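Protein chains in written order, with our numbering: chain L, 1 to 110; chain H, 111 to 233.
Ideal Cβ placement from N, Cα and C applies to all residues, glycine included.
Values in this document were obtained by computation on a predicted structure and should not be read as measured data.
These notes concern the structure reproduced below.
Here it is, written out as C-alpha cells:
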C-alpha cells in the first residue's frame with residue numbers, strides 16, 4: 001500500500017527553523033490535504049495540525065503547516081529541545097480508500 | 111476529557127487470534143469514526159483499519175484485509191479489533207485513535223490517541 005514520502009531526518013540548531021516535507025499525489029495530499037502528528041519516544045502520537053492547516057488547541061504557534069499541490073509542509077520555528085521527536089504526515093487516499101501515513105522524519109535539535 | 115484505553119494485547123503464536131478492545135470516554139462515541147494504528151518496534155506508524163461513527167462503513171489496509179475485523183459497540187463505548195491468522199510481521203504496539211469526522215473516509219485527522227497495547231506474534 002503506497003505511503004507518503006518524508007525525509008528520514010532533519011537536524012537544525014537551537015532556535016533555528018526546520019521545514020519538513022511530505023510528498024504524495026493527487027489521490028491524497030493534492031485532493032484531501034494532510035494532517036501532521038508529533039511522536040516523542042515511547043509516547044503515542046499527538047495531532048499538531050489539521051488538514052486545513054489549523055492547529056488544535058494547545059499546540060504552539062511555532063508549528064505551522066501548509067500545502068502546495070502534492071506536497072504538505074510543516075515548519076517549526078524557534079526550535080526547542082522538546083521539539084526533538086518523530087513527525088508524521090497523514091492523509092486519506094481516495095484511490096485506495098485508506099488512510100496513509102508518511103514515512104516519518106526524525107528531528108534533531110543541535 | 112477524552113480518554114482511550116486499549117487492552118487485549120499479549121503474546122500469541124503465529125496463526126493464532128487475538129481481540130483488542132479500546133474503551134472510550136469523554137466524548138459522544140457514536141459521533142466519530144475510529145481507527146486502529148500500529149507501530150512495529152523501531153518503525154513508523156502504519157494505519158490498520160477505520161470504522162465510521164455508525165459502524166456501517168469499514169476500511170482496511172491491504173496488509174490486514176481478510177484477517178482483521180474492526181467493530182464497535184455503541185452501548186459499551188468500545189472499539190474492537192479482531193485479529194486472526196496472525197503473523198510475525200503483525201508484532202507491534204496497537205493504538206486506537208479517535209477521528210475528527212464521522213465517516214472515516216476523507217478525514218484522516220486522528221485527534222486523540224490511546225497509550226497503545228503490545229501484540230507479539232512469536233512461536
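In the structure shown, what three-state DSSP assignment does residue 93(L) receive? Mapped onto the first chain, residue 93(L) falls at position 93. Strand, per DSSP.
Local Cβ density within 10 Å of residue 232(H), reported as buried at 16 or more and exposed below that: Along the second chain, one-based indexing puts residue 232(H) at 122. Residue environment for residue 232(H): exposed (fewer than 16 other C-beta atoms within 10 angstroms of its C-beta).
Closest Cβ-Cβ distance between residue 101(L) and chain H: below 8 angstroms? Here the question's residue 101(L) lines up with position 101 in the first chain. Answer yes: the Cβ-Cβ gap between residue 101(L) and chain H drops below 8 angstroms somewhere.
For residue 148(H), count neighbouring C-beta atoms within 10 Å of its own C-beta (all shown protein chains included) and say buried if the count is 16 or more, exposed if not. Numbered from 1 along the second chain, position 38 holds the residue referred to as residue 148(H). Counting every other CB atom within 10 Å of its CB across the protein chains shown gives residue 148(H) a total of 16 or more, marking it as buried.
Between which two residues does the alpha helix (DSSP H) holding residue 32(L) run? Residue numbering aside, residue 32(L) sits at position 32 when the first chain is read from its first letter. Start and end: 29-32.
Count the other CB atoms, across all protein chains shown, that sit within 10 Å of the CB of residue 32(L); report buried if there are 16 or more and exposed otherwise. Taking the first chain and counting its residues from 1, the one referred to as residue 32(L) is at position 32. Under this definition residue 32(L) is a buried residue.
Taking 8 angstroms as the threshold (C-beta atoms), are residue 105(L) and residue 87(L) in contact? The sequence position of residue 87(L) within the first chain is 87, counting from 1. The sequence position of residue 105(L) within the first chain is 105, counting from 1. Cβ atoms of residue 87(L) and residue 105(L): closer than 8 angstroms.
Which residues, in order along the stretch 48-69 of chain L, keep a beta-carbon less than 8 angstroms from a beta-carbon of chain H? Within the stretch 48-69 of chain L, the qualifying residues are 50, 51 and 56.
Contact between the stretch 204-215 of chain H and the stretch 122-138 of chain H (3+ Cβ pairs under 8 angstroms): Yes, they touch.
Which of helix, strand or coil DSSP assigns to residue 162(H): The residue given as residue 162(H) occupies position 52 in the second chain. Assigned with DSSP and collapsed to three states, residue 162(H) falls in coil, not helix or strand.
Hey, residue 101(L) and residue 110(L): beta-carbon distance below 8 angstroms or not? As a position in the first chain, residue 101(L) is number 101, starting the count at 1. As a position in the first chain, residue 110(L) is number 110, starting the count at 1. Against a cut-off of 8 angstroms, the Cβ pair of residue 110(L) and residue 101(L) comes out as no contact.
Do you know how far the Cα of residue 12(L) is from the Cα of residue 144(H)? Your numbering for residue 144(H) matches position 34 in the second chain. Your numbering for residue 12(L) matches position 12 in the first chain. For residue 144(H) and residue 12(L), the distance between alpha carbons rounds to 35 angstroms.
Find the nearest neighbour of residue 214(H) within the set 128(H), 119(H), 118(H) and 170(H), judged by alpha-carbon distance. For the purposes of this step, residue 214(H) is identified with residue 104 of the second chain, where counting begins at 1. It is 170(H).
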